[in-house]
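Chains as they are written, first to last, in this note's numbering: chain A, 1 to 540; chain B, 1 to 352. See below for the structure under consideration.
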């Protein structure tokens, strides 16, 4: 690994830049970039100019090819055609260190940090110190401190990365890129994992970096954020570059239309909430996860008929354990789960499902579906062994098939035939299979975890409409999502979970984003900001 | 969703298992005590306190220590090395043959390292380049080692019969070797044992204080992250597995040496490679822990030999089980929070 490493000597963070900034200096130019994956063209002749010191947003739905394009620039993917110019010189970027040598840094959507080693070790990973092969952590720390304080990148350098919050980990990634001399910083969906307060902080940091001459490429699918943070926006759709516009001259609706390719209705039609009796009550529950950590702590929650209950919280605060105890996939240590007043905490999962408690798991590919089985089999996972789908132990294929065809129609599941394997479906259609399986029998309780994660606008709004429809039929819905906008737009009641405990439950109309963000970060309800609810009418 | 590991982790279940095992062991001992009367237990106690016992434990532990240190390197890079057994056994056979023909134990050690490295190379090609299952490849290599060494041994030595190869001589240090108790226990070993022990701090230093060590650990924890900062994951893993093979191969030389008569026999390793594999895990993936794990086995091995020699009236096969049973009990206690490299066992594919 020796000679491939970049020496830290190349690191430069000084204010006088090696190249001059004029207003319209092109720092990065892409010419006709083509990147193909088996079966799809991820980037189809994309040409783009990025100017020095601008915040340039790359906007598009999932699968539009934004990340792929930037991974090509960063040397993680190899382009099939096209040319990359950095500061007007053709760049031959084969591996990430080529990109780094040209001053390009990237913060990935899923952080490329090693949780088990310290922050400073992550920062210097792959670099040679002056005392190579020895590690020189002290020297590295001094270098980090030179610039980190200026930008407000305060992270404890000796702590293991796994112990940091997600927001801090993101700062580590940014430090890592700057330490390697990045002057073009690519941020891939940087806000996806942050709470509102952290997003504010990130935006401030981005603007500070820009004022220092760093060029920022901001990949996102969230319109509001793009409008707030960027100077220019490039919209991508299905591997093609649609248009680049100056941010001040555009609006949410314009961008949404460019992104989706047609006029879109982003509002969720939702009638008033008519909540009824409590279907499911969790009382003073405690439960541990696989690592034996108490993830659910003195947890109490009521799910009422005809009500969508949103559960906001930073990932890893017990949401997963919560769904598992509700579904009976994990034992309760203490407490009760009441279903129509009866304790079901010892009842088997199968019986809970048969009694109308349904579940959309967090990860559709590993928990929700059996990828190597057909749509039909996946639709019937919960009742393949009961009549009429099986009689005397023999499966009734005709009835199964009819059932599948009916559900495919009802849930607008686009697939040539019900025998198609689940893994051949798009993410949206996969989620529709799970949704159909959970909703067709009119459940009384629906636990939906991250129901629209990674889906395009069309599929997401379809799923939202279905969930609202289930609510109107009297289902008690629990939505667990890290997308706060989704929770705000759908919920009638919102609870915030922090370290396995409900920090607060309020009517959606009586709370707001700031308050929720404050509580998600562990703030006390007495000190949380109050104010009227912001009207969120669209989701992206 | 109560799987086996959860079941074992429940403290009630764990205690029950320990109690059952304890009863079994005490039962065996009492059985012995009944038949051979009162002095046996005293005898065992006195065995445990002799310097020769400590000496024998160290000798028995050394091959495992080397194999475990080799396994550790590979494992930290994210490649499970369950083929330690094959590296050890082939290393032992090669070490014996080379020392016999070369007339020099160093020739044996070198040959064993090279042989281990070759096995490592095969392992690496299958698991890293072809991305085969690391477990299946290891099983194949272990079976191959068992059969090929047995066959070669018979072909080469069937006429000559039993031969003792030249081995490492025990060193003598002025003053130290003549110390009471400690002299025998610690200062009359051969050079290989001291080198193996020296390897523990050396490896610790390399792993935690050098760039190379950081690179190795990062590749095992999160290869994609390592790759994004320009580390060549494939190359690091190749180097790690080859190095692992070399060190594990040398454990074969130590094994021949530990036989006391510098001889080879069929299946000389007798599963010690697997014990070394386990020692890496319950040593929590660091060299010092691996050492403690292997010493535990060494103590058990030394004890069972002495029990046999003591003439305890138990089938010797039962006594042979002792070190393995001790290792299993240790696993129950120490496996609990052992956390391996996150990417251990998974092949790396850059464009995924």
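Ideal placement from N, C-alpha and C gives every residue a C-beta, glycine not left out.
- In the DSSP assignment, residue 478 of chain A falls within the unbroken beta strand (DSSP E) covering 476 to 481.
- With 16 or more other Cβ atoms from the protein chains shown falling within 10 Å of its own Cβ, residue 71 of chain A counts as buried.
- Three or more beta-carbon pairs drawn from the segment 215 to 224 of chain A and the segment 176 to 193 of chain A are found closer than 8 Å, and the two stretches are therefore classed as touching.
- Looking at the backbone, the Cα of residue 46 of chain B and that of residue 293 of chain B are separated by about 24 Å.
- Cβ atoms of residue 215 of chain B and residue 126 of chain A come within 8 Å of each other, at about 7 Å.
- A residue is called buried once 16 or more other Cβ atoms fall within 10 Å of its Cβ, and residue 133 of chain B, having fewer, is exposed.
- At a cut-off of 8 Å between C-beta atoms, residue 157 of chain A does not count as an interface residue with respect to chain B.
- The continuous beta strand (DSSP E) containing residue 501 of chain A extends over residues 501 to 507.
- For the 8 Å CB-CB criterion, residue 295 of chain A and residue 276 of chain A do not form a contact.
- Across the segment 257 to 272 of chain B, no CB contact with chain A closer than 8 Å is found for any residue.
- DSSP assignment within the segment 30 to 81 of chain A yields the following whole beta strand (DSSP E) runs of 3 residues or more, N-terminal first: 40 to 51 and 55 to 59.
- For the 8 Å CB-CB criterion, residue 211 of chain B and residue 114 of chain A do not form a contact.
- Among the CB atoms of chain A, one or more fall inside 8 Å of the CB of residue 210 of chain B.
- The Cβ-Cβ distance between residue 233 of chain A and residue 255 of chain A falls below 8 Å.
- Put simply, the CB of residue 284 of chain B is far from chain A, with every gap to its CB atoms at 8 Å or more.
- In the three-state reduction of the DSSP assignment, residue 204 of chain A falls in the helix class, which pools H, G and I.
- If you keep only unbroken beta strand (DSSP E) runs of at least 3 residues inside the segment 87 to 122 of chain A, you get 104 to 107.
- DSSP links residue 310 of chain A through a beta bridge to A:479 and A:494.
- About 26 Å separates the beta carbons of residue 142 of chain B and residue 57 of chain B, which is beyond the 8 Å limit, so they are not a contact pair.
- DSSP places residue 225 of chain A outside any beta strand (DSSP E); the residue lies instead in the alpha helix (DSSP H), whose first and last residues are 223 to 229.
- Nearest in C-alpha terms to residue 94 of chain B, of all of B:81, B:153, B:74 and B:72, is B:153.
- Contact annotation for residue 132 of chain A against chain B: 211 [CB-CB distance below 7 Å, chain order].
- At a cut-off of 8 Å, the C-beta of residue 407 of chain A has no neighbouring C-beta in chain B.
- Of the candidates A:183, A:130, A:477 and A:177, A:477 places its Cα closest to the Cα of residue 358 of chain A.
- For residue 212 of chain A, the three-state secondary structure derived from DSSP is coil.
- Closer than 7 Å at the C-beta level to chain A, one finds no residue of the segment 75 to 96 of chain B.
- Taking C-alpha positions only, residue 237 of chain B is separated from residue 450 of chain A by approximately 36 Å.
- Residue environment for residue 176 of chain B: exposed (fewer than 16 other C-beta atoms within 10 angstroms of its C-beta).
- The beta carbons of residue 341 of chain B and residue 127 of chain B sit no closer together than 8 Å.
- Here residue 236 of chain A is buried, its C-beta having at least 16 other C-beta atoms within 10 Å.
- Boundaries of the alpha helix (DSSP H) harbouring residue 289 of chain B: 287 to 310, taken from the DSSP string.
- The beta carbon of residue 170 of chain B lies closer than 8 Å to those of 188, 189 and 190 in the same chain, with the five residues before and after it left out.
- Of all C-beta pairs linking the segment 475 to 494 of chain A to the segment 436 to 452 of chain A, three or more are shorter than 8 Å, placing the two stretches in contact.
- Three or more Cβ pairs closer than 8 Å define a contact, and the segment 414 to 425 of chain A falls short of that threshold against the segment 451 to 459 of chain A.
- Under the three-state reduction of DSSP output, residue 286 of chain A falls in the strand class.
- Across the set A:56, A:312 and A:350, the C-alpha of A:350 shows the shortest separation from the C-alpha of residue 329 of chain A.
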